[in-house]
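Asker: Would you mind keeping the following structure in view while I ask a few things?
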Amino acid sequence: MNGDSMRPRKIVIAGGGTAGWMAAAAIARTMGATVDLTLVESEQIGTIGVGESTIPPLVNYNRLLGIAEADFMRATQATFKLGILFDGWKDGGDRYFHSFGSTGKDHWSAGFQHFWLHGLSKGHTQSYDDYCLELVAALQGKFAHLPDDRMNYAYQLDSSLYARFLRQMAEKDGAKRVEGKIAQVDLDGETGDIAALVLESGTRIEGDLFLDCTGFRALLIEQTLHAGFDDWTHWLPCDSAIAVQTENVRPPVPYTRAMAHDAGWQWRIPLQHRTGNGIVFCSRYLSREKALERLFGNVEGQVLTEPNHLRFVTGSRRRQWYRNCIAIGLSGGFMEPLESTSIHLIQRAILRLIRMMPAGEISARDVAEFNDQQDQDMIQIRDFLILHYKATERRDSPFWRQCATMAIPDTLAQKIELFRETGRVFRRNEELFAENSWVQVMMGQGITPRTWHPIAGKLRDDELAGLLGTLREQVSRTVAGLPEHAAYIARYCGAD
Ligand code: FAD
């Protein structure tokens, strides 16, 4: 291979789930004829069949690919999502909302929470939540696109339909699809790189760069190349899930619910045509039978599908890019669906790859840079997820007692203690979850700062009252003018 020439490369994607087709659509659209792109998938094996809740960067991903939002929403039966309602995570009887918005108005030196905390000490009683547009709109079941993207949102969607939608795009843009089961992965005897995928039919598909999108099987990156896996079950102990779909019994709300139970939690995700439900649990503390019973006891409406039983190990592939193979999707690791970050990690890996696409030879520097950045993403998200389990007052079951007393990574311990002592949160290295996310979840889980930034105390009492009053008033006035979420979707997608 000539190191300084830009020439068509043969890229082979193994697997056609959400990861495989997201990668194929993005590469075909952005690289066009400069690459020769083939995707192999097996209908016999199928896809994981879950993954419905997303986070805001997906909006931009679709825009980058030139997707018209209304077309996408019709094709995937999507609803808008403004955040997640957490039930029972702090003490069993509580609820709090992690929204995609920002709360109040930050000062350059201190987030809004400092001003709000100072207000509390001065006798103001309004909830922190009342200052967040997305949060108030979500709980009132309202939504609209606002000028300048003032409403930050994501989607709740059917990821199988999303994969199908992207497949059409990718094939139109030149990606080739091969149906068949990969029976063998051939290595180059000299370099140890992957040389070809060999299908059961005997067809051999050669390539320069292979994307492993084979899901939990990790057929290329682990079963063939043995890239290694960091097991995080001591921090994220849930290892099982059961998913079912139910009919909608009310208009879909613009948020996902995460309801804690004594050995894990349960999701409820409303789409246009149905609701996705699933129970996530730790098999050490809850049997499959009991979990299924519990799930069926807490769904609304008629059950439309057979239960989909899933097992997983939380953790991360030690090298996401190893030799000429990149793990994208579940093959790269899984940190459970609590904050809807899996599809986002797929998107991050694909955009990162396109940005770094090697012009000729794959250099060790490309690989090291990619892996560093991927690791950073995984670790930051991991810490945010652990926070939900660790910061709890629940002691009502062995599961929660284990979570409350477990040792946590130093990076997270530092973040929690800094917030508890000073109300401060610092966002490092393009971290996905911004200050507002950390503040909402930490306060929601019962961590209250002991003090706040002195800049807040510089406001006179009347200035503080004016600021808090005006901001709250702006939120409630804007929300009052918003349409109902379901009616907005119907209009936007052209159903009425
Ligand atoms: P898969 O969907 O498993 O696809 C693997 C592909 O590889 C398939 O096409 C399969 O046929 C193919 N394949 C495998 N072996 C072979 C072979 N030998 N030959 C040929 N083809 C092969 N993510 C979110 O963002 N939000 C959520 O709300 C969310 N909820 C989740 C809930 C649970 C319980 C779980 C487990 C995951 C959830 N996820 C969620 C993650 C999400 O489901 C995945 O990130 C997403 O579906 C991508 O999966 P994938 O494409 O990597 O794997």
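Per the working numbering, the very first residue in the sequence shown carries number 13; after that it's consecutive. For every residue, glycine included, the Cβ atom is placed at its ideal position computed from N, Cα and C. All of these numbers come straight from a predicted model, not from anything done at the bench.
1. DSSP on VAL24, reduced to helix/strand/coil?
2. Is GLU183 near the ligand FAD, judged by its Cβ being under 7 Å from some heavy atom?
3. Taking contact to mean at least 3 C-beta pairs separated by less than 8 Å, is the region 323 to 335 in contact with the region 234 to 253?
4. For SER488, collect the residues of the same chain with a Cβ closer than 8 Å to its Cβ; drop the 5 residues on either side in sequence, then sort them by chain order.
5. What does a CB cutoff of less than 7 Å around LEU424 pick up in its chain, not counting 5 residues either side in sequence?
6. Can you give me the C-alpha to C-alpha distance between ALA492 and LYS154, rounded to a whole angstrom?
7. Which one of GLY123, ALA175, ALA122 has the shortest CA to CA distance from PHE84?
8. List the endpoints of the continuous alpha helix (DSSP H) containing ILE291.
9. DSSP on HIS246, reduced to helix/strand/coil?
10. Could you check the C-alpha separation between VAL315 and ILE291 for me, to the nearest Å?
11. Rounded to the nearest angstrom, how far is the Cβ of HIS126 from that of ALA468, given a contact under 8 Å?
12. Just to confirm my understanding: we take ARG330, look at its own chain, exclude 5 residues before and 5 after, and list those with CB closer than 8 Å. What are they?
13. Does TYR108 come out as helix, strand or coil in the three-state DSSP assignment?
14. Can you tell which of LEU342, ASN441, LEU221 has the C-alpha that lies nearest to the C-alpha of ASP389?
15. Would DSSP call GLN89 helix, strand or coil?
16. Starting from TYR167 and walking both ways along the beta strand (DSSP E), at which residues does that stretch end?
17. Is it right to say GLY123 is buried, meaning 16 or more other beta carbons lie within 10 angstroms of its own, or is it exposed?
18. Could you tell me which of LEU70, ILE254, GLY113 sits nearest to PRO319, measuring between CA atoms?
19. Work out the CA separation of ASP378 and PRO370 for me, nearest whole Å.
20. For the beta strand (DSSP E) that contains GLN257, what are its first and last residues?
21. If I measure Cβ to Cβ from ALA37 and keep anything under 8 Å in the same chain, skipping five residues before and after, which residues do I get?
22. Run the proximity test for LYS93: is its beta-carbon closer than 7 Å to any non-hydrogen atom belonging to the ligand FAD?
23. So is VAL265 buried or exposed if we call it buried at 16+ other beta carbons inside 10 Å?
24. For GLU447, which residues from the same chain have a beta carbon less than 7 Å from its beta carbon, with the 5 sequence-adjacent residues on both sides left out?
25. Would you list the residues sitting across from MET271 in a DSSP beta bridge?
26. How big is the Cα-Cα spacing for SER121 and TYR140?
27. Where does PHE346 fall in DSSP's three states?
28. What residue from ASP474, LEU211, THR482, SER65 has the CA that sits closest to LYS134's CA?
29. What's the C-alpha gap between ASN336 and GLY201?
30. Identify whether GLN196 lies in helix, strand or coil by the three-state DSSP scheme.
31. Counting only runs that start and end within the region 417 to 482, where is the alpha helix (DSSP H) found for 4 or more residues in a row?
32. With distances taken Cα to Cα, identify the nearest neighbour of GLY29 among GLY341, GLU433, ARG269, LEU97.
33. Tell me which residue opens and which closes the beta strand (DSSP E) that ASN320 is part of.
34. In or out: GLY27 buried (at least 16 other Cβ within 10 Å) or exposed?
35. In chain order, what residues of the same chain lie with their CB nearer than 6 Å to the CB of ILE420, ignoring the 5 residues before and after it?
36. Using three-state DSSP, classify LYS302 as helix, strand or coil.
Answerer: In short, the structure shows the following:
1. strand
2. no
3. yes
4. ASP142, VAL148
5. ASP395, ILE398, LEU399
6. 9 Å
7. ALA175
8. Looking at the DSSP string, ILE291 is not in any alpha helix (DSSP H); the run it does join, the beta strand (DSSP E), is 287 to 293.
9. coil
10. 14 Å
11. 4 Å
12. ALA239, GLY240, PHE241, ASP242
13. strand
14. ASN441
15. coil
16. 166 to 168
17. buried
18. ILE254
19. 7 Å
20. 252 to 258
21. LEU77, LEU178, ARG179, MET181, ALA182, ASP185, ALA187
22. no
23. buried
24. GLY123, VAL437, ARG439
25. ASP99, GLN278
26. 19 Å
27. strand
28. ASP474
29. 14 Å
30. strand
31. 422 to 434, 447 to 456
32. GLY341
33. 320 to 323
34. buried
35. ILE398, LYS402
36. helix
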